Structures are given as structure tokens and as C-alpha cells.
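**Q** Here it is: the structure, laid out below.
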Amino acid sequence: MDIRELKKLADALDDNGKQELIYFLQSRSMGMKAPIRMVDEIQEQKHKDGLVCPHCDSHSVVRFGKYVIKTRAGEVKRQRYRCKSCRLTFNDLTNTPLQRTRRPHLWVRFIECMIEGFSLRKCAELLHDEVTHVTLFYWRHKILSALKQFPTETFQGIIEMDETYFLFSEKGKRNMTERKPRKRGGKAKYRGISNDQVCVLVARDRQKTTFSGVLGRGRIRTTKLDEAIGEYLSDSNVLCTDSWRAFSSYANTKGLAHYRFKSDGKQRVKGVYHIQNVNSYHSRLKRWIDRFNGVATKYLQHYLAWFRYLDSKEYENTMSNKKNMLVSSCLFTVKETNTNLRRASFSF
Ligand SMILES: [Zn+2]
């Protein structure tokens with residue numbers, strides 16, 4: 001068949017079909033080679049200041065033979081190291097989300113799916129069912145537990161800060177103790193803010209440095225505020241918030257200049273001071289999280305980290321974003337095992 005005919009056929013596909021065709025072609029052309037280069041990249045980034053033992057941080061490390069892993073692309077040889085201090089061995093992927101993975105060739109594709117925010121079932125389908133959606137649940141949360149560690153930089157100048165609430169949810173838990181399960185998100189039992197809701201604080205400066213964190217159940221408290229963001233603030237910051245009292249007393253104790261805005265849905269501005277950026281961050285976050293039909297509260301911080309990353313990259317599914325997300329995730333220590341991810345609980 002002639003390439004023009006093929007293009008015509010491809011053009012007739014719907015958006016889903018086109019997406020699948022892209023994945024198919026990518027897997028045929030460069031997908032097999034890319035993950036191996038990616039591991040090289042991880043190795044270089046991880047050891048940019050020299051070899052360090054992931055178990056005890058010692059620099060006294062020697063190379064300790066190679067080991068072979070079997071992938072669908074064939075056998076791959078990997079370097080093993082040994083620490084002279086603690087005598088343990090490790091490799092480039094020890095304590096990373098990719099530790100012990102037997103399917104390195106699928107991770108780049110999986111990262112693509114994460115950028116798109118696809119459901120786990122859709123991800124499994126796009127990975128041609130080589131991995132079950134249950135396994136992909138663990139992959140997702142291992143990556144997220146790295147993204148959660150991406151540092152928040154110190155804020156500069158004007159900071160817009162506002163809280164938003166998510167329903168407390170024990171989605172996925174078998175024996176719910178607190179109350180009957182809600183179907184798909186559902187509505188809060190009480191009007192106003194109660195323990196049925198989980199407070200999420202977002203603070204964002206005009207350079208788009210963003211903090212987003214789960215502060216606990218019920219109304220926001222000043223002490224929680226300081227624990228969450230105190231370390232990122234300096235007395236040169238100007239705080240813009242809604243009129244909630246906790247923010248005022250917090251700004252006072254920190255000695256920060258403070259502008260308050262009524263949160264009645266009307267947009268208000270005092271010159272360059274307003275809370276429109278943080279409010280639109282909230283709406284993007286809510287809209288994005290809706291696709292998951294309710295998120296278990298114990299994983300909410302993971303989803304916040306995921307969203308913060310995607311929002312900073314403007315949701316673009318480019319090769320450089322994929323590479324950045326995978327490689328930089330491997331630079332943080334992730335020791336989560338499938339078992340402790342499953343047993344994670346929400347504690348405040
Ligand atoms: Zn060691």
C-alpha cells in the first residue's frame with residue numbers, strides 16, 4: 001500500500017484510534033531502544049557527583065560485576081556495585097521506582113499514559129495487556145512517591161494562598177470502619193466544612209512556584225499552616241488570601257504584609273494583588289482529579305504531586321517531558337513495596 005493511502009486511512013480514525021496508532025508506530029520504530037538509553041541517562045544523573053551507596057550513603061563503592069536481565073527486547077547487561085562500608089550490593093535502579101522491574105521497555109510508554117492521565121485499565125490496554133492494571137497501580141504510586149519528593153522552592157514576592165476541600169474517602173478499602181461507602185465521589189454529609197472533608201492548601205507565587213499539600217481533616221488551622229509552608233516563606237513575601245481568619249492570624253504572627261479577598265465567586269483585584277491564579281489552579285486541579293471518580297484520601301498527596309508536575313509541564317506529552325519525569329523520578333529514594341503501598345493509611 002502506498003503511504004498516501006495509509007495516511008488517508010489514518011486520518012479517518014477517531015481521536016482514540018489516532019492515539020493508538022501513534023503508540024503502535026512508536027513501539028515499532030524506537031520504543032525498543034529508548035528504555036535502554038533511559039537507564040543510561042538515569043545512571044549518569046544519579047552518579048553525577050560520583051558513586052554513592054543507596055543503603056548507607058558511603059562514597060567508598062566499587063564496581064562488582066555485571067548481571068543480566070531478560071527483557072522482551074532481549075538480554076541486557078547491567079552494572080552491579082558493592083559498598084565497602086556496609087558490604088551490600090546495589091545497581092543503578094536500587095531504591096528507584098524501577099527497582100526489580102522485569103519490563104523496562106514498558107516504562108516510557110507508561111509515563112506517557114501518566115502524562116495523559118489515563119485510567120489504569122486504559123494504560124493496561126495501551127501496553128497491550130503485558131502488565132495488569134493491578135501491577136500498574138503500583139507502578140503509578142511508585143512514580144508518584146518520587147514526584148511527591150520534588151522540592152518546593154522558596155517563594156518570591158507575592159504569594160497567593162487558598163485552601164480547598166476534598167471529600168474524605170476510603171475508596172478501595174475493604175472493611176470501612178467509619179461509614180458506608182459513597183458511590184463515585186458523592187456528596188458531603190454536612191453543609192459547610194466538617195471532618196468529612198480534607199483540607200488541601202495551595203500556595204503559588206508569580207514565578208509559578210507551587211506548594212500543594214494535604215493539611216488534614218476539617219477546617220484549616222494556623223499551626224498546620226505553619227508546619228506545611230512556614231519553611232518556604234520569608235518576611236519579604238506578601239500574602240494574598242481569602243478572608244478566612246486563620247490566614248490573617250497566620251500573616252500576623254509571621255509579620256507578613258497581607259491582602260484579603262472575599263471568596264464569594266466574584267473576582268476581585270487590588271492592583272497587582274489578587275488570588276485569581278491560585279483559584280484557577282484549584283479549578284484545574286478539581287477538573288483533572290474528577291477523572292478518577294474520587295481519590296482515596298490516603299493517596300491524595302500523591303495525586304497532588306502528580307498534578308503539580310503535569311501543571312508545571314503544561315500537560316505536554318513530549319519526549320523531553322517523558323524523559324524528565326522518568327529520569328528525575330529515579331533520582332529520589334523510593335522504597336515503597338507493593339505491600340506497604342496497599343496498606344498505606346491516612347494519618348493526621
Ligand atoms: Zn553502603
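Position one of the sequence shown corresponds to residue 1 (my numbering), numbered consecutively onward. Note that CB positions come from ideal geometry on N, CA and C, so glycine has one too. On a predicted model such as this, the values are computed, not experimentally measured, just so you know.
(1) Could you tell me the distance, in whole angstroms, from the CA atom of Lys171 to the CA atom of Val61?
(2) Between Gly213 and Leu201, is the Cβ-Cβ spacing less than 8 Å?
(3) Whose C-alpha, out of Asn237, Ser236, Lys254 and Lys208, is nearest the C-alpha of Glu350?
(4) Going by other Cβ atoms of all chains shown within 10 Å of its Cβ, with 16 needed for buried, is Gln197 buried or exposed?
(5) Is it the case that the segment 313-328 contacts the segment 112-130, given that we only count it when at least three CB pairs across the two stretches are under 8 Å?
(6) Alpha carbon to alpha carbon, how far is Cys56 from His302? Give it in angstroms, no decimals.
(7) Around the C-beta of Val358, are 16 or more other C-beta atoms found within 10 angstroms, so that it is buried, or is it exposed?
(8) Could you work out which residue in Ser249, Val272 and Ser243 is closest to Lys262 when comparing CA atoms only?
(9) Can we count Cys240 as close to ligand 1, meaning its CB is less than 7 Å from some heavy atom?
(10) Taking Val39 and Pro97 to be in contact with their CB atoms under 8 Å, please state how far apart those CB atoms are, rounded to whole angstroms.
(11) Could you name each continuous beta strand (DSSP E) segment of 3 residues or more that falls completely within the segment 242-308, going from the start of the chain to the end?
(12) Are there 16 or more other CB atoms within 10 angstroms of the CB of His75, so buried, or fewer, so exposed?
(13) According to the neighbour-count rule (16 or more other Cβ atoms, all chains shown, within 10 Å of its Cβ), is Gly271 buried or exposed?
(14) Per DSSP, Asp129 forms a beta bridge with which residues?
(15) Distance, Cα to Cα, Phe247 vs Ser312?
(16) With ligand 1 as the reference, list in chain order each residue whose Cβ lies under 5 Å from any of its heavy atoms.
(17) What's the C-alpha gap between Ser329 and Leu21?
(18) Given this structure, state the Cα-to-Cα distance separating Ala257 from Val108, to the nearest angstrom.
(19) Less than 8 Å between C-beta atoms, sequence neighbours within five positions excluded: which residues of the same chain meet that for Gln276?
(20) Measure the alpha-carbon distance for Lys224 versus Ala10 and round it to whole angstroms.
(21) Considering only C-alpha positions, which residue in the set Thr89, Arg4 and Tyr250 is nearest to Tyr67?
(22) Span of the alpha helix (DSSP H) holding Val327?
(23) How is the alpha helix (DSSP H) around Phe110 delimited, first residue to last?
(24) Beta-carbon within less than 8 Å of Arg245's beta-carbon, same chain only, minus the 5 sequence neighbours each way: which residues are those?
(25) My assumption, with CB atoms under 8 Å, is that Ala124 sits in contact with Leu136. Please give the rounded CB distance.
**A** Taking the geometry as given:
(1) Locating residue 171 in the sequence shown gives position 171, where the first residue counts as 1. Locating residue 61 in the sequence shown gives position 61, where the first residue counts as 1. Using only the alpha carbons, I get a separation of about 44 Å.
(2) As a position in the sequence shown, residue 213 is number 213, starting the count at 1. As a position in the sequence shown, residue 201 is number 201, starting the count at 1. With respect to the 8 Å criterion, Gly213 and Leu201 are classified as neighbours on the basis of their beta carbons.
(3) Because the chain in this structure spans residues 1 to 348, residue 350 falls outside the shown range and cannot be described.
(4) Translated into positions along the sequence shown, residue 197 becomes position 197. With 16 or more other Cβ atoms within 10 Å, it is buried.
(5) Yes, they touch.
(6) Residue mapping note: residue 302 aligns to position 302 of the sequence shown, counting from 1. Residue mapping note: residue 56 aligns to position 56 of the sequence shown, counting from 1. Distance between the alpha carbons of His302 and Cys56 is about 27 Å.
(7) Past the boundaries of the shown model lies residue 358; the chain is included only from 1 to 348, so the question cannot be answered.
(8) Looking up residue 262 in the sequence shown gives position 262. The shortest C-alpha to C-alpha distance from Lys262 to any of Ser249, Val272 and Ser243 is the one to Ser243.
(9) The residue you call residue 240 lines up with position 240 of the sequence shown. No, the beta carbon of Cys240 sits no closer than 7 Å to any heavy atom of ligand 1.
(10) On the sequence shown, residue 39 is found 39 positions in, with the first residue counted as 1. On the sequence shown, residue 97 is found 97 positions in, with the first residue counted as 1. Cβ atoms of Val39 and Pro97 stay farther apart than 8 Å, at about 13 Å.
(11) Entirely contained in the segment 242-308, the beta strand (DSSP E) runs reaching 3 residues are, in chain order, 257-261.
(12) Position 75 of the sequence shown, counted from the start, is the residue given in the question as residue 75. The amino acid occupying residue 75 in the given sequence is Glu; His does not appear at that position. Glu75 comes out exposed.
(13) Your numbering for residue 271 matches position 271 in the sequence shown. Classification of Gly271: exposed, given that the 10 Å Cβ count is below 16.
(14) To locate residue 129, count along the sequence shown from 1; it is residue 129. Answer is none; Asp129 lacks a bridge partner.
(15) Within the sequence shown, the letter at position 247 stands for residue 247. Within the sequence shown, the letter at position 312 stands for residue 312. In this structure, the alpha-carbon of Phe247 lies about 26 Å from that of Ser312.
(16) Qualifying residues come out as Cys53, His55, Cys56, Ser58, Cys83, Ser85 and Cys86.
(17) Within the sequence shown, numbered from 1, the residue matching residue 329 stands at position 329. Within the sequence shown, numbered from 1, the residue matching residue 21 stands at position 21. Looking at the two C-alpha atoms, the distance is approximately 28 Å.
(18) As a working mapping, residue 257 is identified with position 257 in the sequence shown. As a working mapping, residue 108 is identified with position 108 in the sequence shown. Straight across, the Cα-Cα distance linking Ala257 with Val108 is about 45 Å.
(19) On the sequence shown, residue 276 is found 276 positions in, with the first residue counted as 1. Counting only Cβ-Cβ distances below 8 Å, and skipping sequence neighbours, we find Glu160, Gln267 and Val269.
(20) Here residue 224 refers to the residue found at position 224 when the sequence shown is read from its first residue. Here residue 10 refers to the residue found at position 10 when the sequence shown is read from its first residue. C-alpha separation (whole angstroms): 54 Å.
(21) Here residue 67 refers to the residue found at position 67 of the sequence shown. Of the listed residues, the one whose Cα sits closest to Tyr67 is Thr89.
(22) Position 327 of the sequence shown, counted from the start, is the residue given in the question as residue 327. That run of the alpha helix (DSSP H) goes Met319 to Ser329.
(23) Taking the first residue of the sequence shown as position 1, residue 110 is located at position 110. Taken as a continuous stretch (DSSP letters only), the alpha helix (DSSP H) holding Phe110 covers Trp107 to Glu116.
(24) In the sequence shown, residue 245 corresponds to position 245, counting from 1. Nothing meets the Cβ criterion.
(25) By one-based count along the sequence shown, residue 124 stands at place 124. By one-based count along the sequence shown, residue 136 stands at place 136. About 6 Å separates the beta carbons of Ala124 and Leu136, which is inside the 8 Å limit, making them a contact pair.
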